[in-house]
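The structure appears right after this line, and notes come after that.
Protein chains: 2
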Amino acid sequence: MTAGDSPVRRRRGSSMADVARIAGVSGQTVSRVANGKHNVDATTRDRVLAAMREVGYRPNSAARALRNGQFRSIGVIVFELSSFGNTRTLDAVATAATSSGYAVNLLPVLDATQGAVSTAFTRLGEQAVDGVIILIEAHELDEAEVMLPDGLPVVVVDSSAHYDYPVVDTDQAQGARLATEHLLDLGHATVWHLGGPSSSFAADRRARSWQQTLTARRCAVPPIIVGDWSADSGYATGLQLAENDDVTAIFVANDHMALGLLRALHEKGRAVPGDISVVGFDDTAESAHYWPPLTTVRQSFAEVGRRSVDALIGQIQAGEHHHQPVAVPTELIVRSSTAPPRRS
Amino acid sequence: MTAGDSPVRRRRGSSMADVARIAGVSGQTVSRVANGKHNVDATTRDRVLAAMREVGYRPNSAARALRNGQFRSIGVIVFELSSFGNTRTLDAVATAATSSGYAVNLLPVLDATQGAVSTAFTRLGEQAVDGVIILIEAHELDEAEVMLPDGLPVVVVDSSAHYDYPVVDTDQAQGARLATEHLLDLGHATVWHLGGPSSSFAADRRARSWQQTLTARRCAVPPIIVGDWSADSGYATGLQLAENDDVTAIFVANDHMALGLLRALHEKGRAVPGDISVVGFDDTAESAHYWPPLTTVRQSFAEVGRRSVDALIGQIQAGEHHHQPVAVPTELIVRSSTAPPRRS
DNA sequence: CGGTAGCGTGTTTACGTCAACATGTCTATG
DNA sequence: CATAGACATGTTGACGTAAACACGCTACCG
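Chains as they are written, first to last, in the working numbering: chain U, 27 to 370; chain B, 27 to 370.
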């Protein structure tokens, strides 16, 4: 009789009963020791602990979850893990959740089609999670909203407030205003904008705030240019804008596009910040080392992640529902890619 | 009697028994329908399906896991999520695991101290996972190895082969050789190296391979410079190397350090690739837009992630143990940061 | 027409844990 | 010295699911 010859049923280590037998106590006492209850005699506790080590006891979280009706686990639905912001937010979420004693279940949406999103939510219904944080663009969510299981606590990380779920996000409007005003304050007549894709609420918020800031200052509003967050699209835009002598200041909706734009301006021989000033958004770890070092808007992904987890755990444990959206403030980091316009 | 007034016990929706009662069948039949078994009459199945929809039935994965002894979930221990390679690998792991029907449990190690690593492994013991992929530097693992639960399938993503666990990683040595030979083939007398931290096996492999390649070509071996993967450390190194006229070619162990180094060379007025050629390692999405566009070694994180998952699921389901390490090949991407040395 | 194989369905039971309750023991108090 | 109270420990049962087995019906065969 070799171990593991049954492919169906895997015996994973030993259970409470084994420990109990070896320590000469009841299963209940093992349970008490495992859960750190106080009403166990010191010598008994030691005996149980020794027995646990001997058999390599690990509590079975499935049984525990079944008994308690809770998994102590949260799901994170993420659309594109490799995107910069999502990664940083996920990192913060994982950290916050872990230190609150919750496990993190990753639920990637494999592709962008509506069917895939729905599938992800269906799968979610079967997941062992007490709540969900949604890190995908809310436009996608719209399509599949019906699929969300009833009564499951949800927090959406997005800038769109018109959901039934609590929302936590960076204060996109404030960040965009900071960037635009910085350039205007330097003396530029107006500010151009390379925005994110229209599928993104965040991009939408930044663009609207840029436009409002210009209007409030009675500046001309140049046509918006739409990118897709990638350095490639920044590069393409840069090649085009470099030909336009009217352009002296650009607010780019993220740092990666700004990088591509900087490269295009180098190639076209346009000096930054001499001829053109550039402001980004994100403040990646590398942005300080772009050429020239990039002035940008720093968003606190850590804060967004932490507050999302707090909100979700609040819902899970206390049934709280804060429908008041949380907007995490940003900070302008001034480096060397911005300067007053050249006298002409 | 309001819902949720018991904070301890949460009733999540309805169980098989509810569905069974409404459909007028036994729980077992509901189970068969839920699991797509064939031996259920079509009309009965429809009745059960209708009842499921009516009460919003979702199978309880805790009970299922308890019954089956499997969680259909894998854990990923990750040390620093925000590091570039880990993120990409995690993305691939999540994708591969999901399409194989496994959930992904994220287990972040909150800080670098040995205690924290041990804590993570202890926590791991309590996680609902059938196997684990370890994405942290194996040096860290060394310290805490004893803590790994017995009999739990493990795959290590690292370049160090001397573990009891299957290992999957990029072929670091081949990549470093590609980079070094490219520079030598361009005519450089020798190649300097900015390596990663000594705590990293990957950095160690790249450095050793760089040195071996130089030795094989009978080139002088300059002193190695040690960075910490950050653009900051690349910048610091660049400021220093810019003063040294002997340096005409540098192989940098990752693209982020290369970015910082490029910035330092710009600031010091050293032309790239005119005065100095630079090769990186990773090929991030941005590397093509560095100034100048960076020649670098592309590693296939997607492949590493996929093969890790395959190996792990193989262990879980069939008990296979391939102790033969898997080395995923790299590819040299030639852009504009390398050129023959200037005639002097 | 007796036997049996196949199929849809129901019944029982075990998975590992932990709350509730029950029991036993030891100490303090009138 | 009887009794209550505090405290350590044991016993029972239930959480939701699915495997194993049991049952009864129909179809087919010699």
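Each residue gets a CB set at the ideal place from its N, CA and C atoms; glycine is no exception. The model shown is predicted, which means the values in this text are computed figures rather than measured ones.
If we cut at 8 Å on Cβ distances, does residue i have a partner in chain U?
i: residue 154/B; result: yes
i: residue 176/B; result: yes
i: residue 213/B; result: no
i: residue 257/B; result: yes
i: residue 113/B; result: yes
i: residue 222/B; result: no
i: residue 261/B; result: yes
i: residue 108/B; result: yes
i: residue 285/B; result: yes
i: residue 208/B; result: no
i: residue 219/B; result: no
Within 8 Å of any Cβ in chain B, is that where the Cβ of residue i sits?
i: residue 300/U; result: no
i: residue 92/U; result: yes
i: residue 321/U; result: no
i: residue 253/U; result: no
i: residue 62/U; result: no
i: residue 97/U; result: yes
i: residue 49/U; result: no
i: residue 39/U; result: yes
i: residue 289/U; result: yes
i: residue 116/U; result: yes
i: residue 383/U; result: Beyond the ends of chain U as shown, which are 27 and 370, falls residue 383/U; an answer cannot be given.
At the level of alpha carbons, what is the spacing between residue i and residue j?
i: residue 347/B; j: residue 202/U; result: 53 Å
i: residue 215/B; j: residue 245/B; result: 7 Å
i: residue 334/U; j: residue 159/U; result: 7 Å
i: residue 310/B; j: residue 68/B; result: 53 Å
i: residue 300/B; j: residue 213/B; result: 13 Å
i: residue 81/B; j: residue 40/B; result: 7 Å
i: residue 277/U; j: residue 233/U; result: 10 Å
i: residue 185/B; j: residue 47/U; result: 43 Å
i: residue 94/U; j: residue 198/B; result: 47 Å
i: residue 304/U; j: residue 298/U; result: 7 Å
i: residue 358/U; j: residue 321/U; result: 8 Å
i: residue 389/B; j: residue 352/U; result: Absent from the structure is residue 389/B, since the part of chain B shown begins at 27 and ends at 370.
i: residue 117/U; j: residue 110/U; result: 11 Å
i: residue 362/U; j: residue 354/B; result: 40 Å
i: residue 365/B; j: residue 294/B; result: 19 Å
i: residue 356/U; j: residue 308/U; result: 9 Å
i: residue 181/B; j: residue 230/B; result: 20 Å
i: residue 42/B; j: residue 218/U; result: 59 Å
i: residue 122/U; j: residue 134/B; result: 10 Å
i: residue 63/B; j: residue 85/B; result: 15 Å
i: residue 313/U; j: residue 280/U; result: 10 Å
i: residue 342/B; j: residue 61/B; result: 21 Å
Indicate the three-state DSSP secondary structure (helix, strand or coil) for residue i in the structure shown.
i: residue 99/U; result: strand
i: residue 358/U; result: strand
i: residue 94/B; result: helix
i: residue 307/U; result: strand
i: residue 62/U; result: coil
i: residue 221/B; result: strand
i: residue 81/B; result: helix
i: residue 364/U; result: coil
i: residue 352/B; result: strand
i: residue 190/U; result: coil
i: residue 213/U; result: coil
i: residue 251/U; result: strand
i: residue 49/U; result: helix
My understanding is that residue i touches residue j, with C-beta atoms under 8 Å, so please give their C-beta distance in whole angstroms.
i: residue 302/B; j: residue 275/B; result: 7 Å
i: residue 331/U; j: residue 115/U; result: 5 Å
i: residue 286/U; j: residue 258/U; result: 6 Å
i: residue 120/B; j: residue 132/U; result: 5 Å
i: residue 157/U; j: residue 100/U; result: 5 Å
i: residue 74/U; j: residue 49/U; result: 5 Å
i: residue 243/U; j: residue 220/U; result: Wrong, their Cβ atoms sit about 20 Å apart, outside the cutoff.
i: residue 91/U; j: residue 192/U; result: That belief does not hold up - the Cβ atoms of residue 91/U and residue 192/U are roughly 24 Å apart, past 8 Å.
Interfacial residues, the segment 307 to 336 of chain B to chain U, with Cβ spacing under 8 Å | 311, 312, 314, 315, 316, 317 and 319
Just by C-beta distance, which residues in the segment 118 to 138 of chain U are closer than 8 Å to chain B?
-> 120, 121, 124, 125, 129, 130, 131, 132, 133, 134 and 136
Check each residue of the segment 69 to 91 of chain B: if its Cβ is closer than 9 Å to any Cβ of chain U, include it; give the result in chain order.
-> 82, 84, 85, 86, 87, 88, 89, 90 and 91
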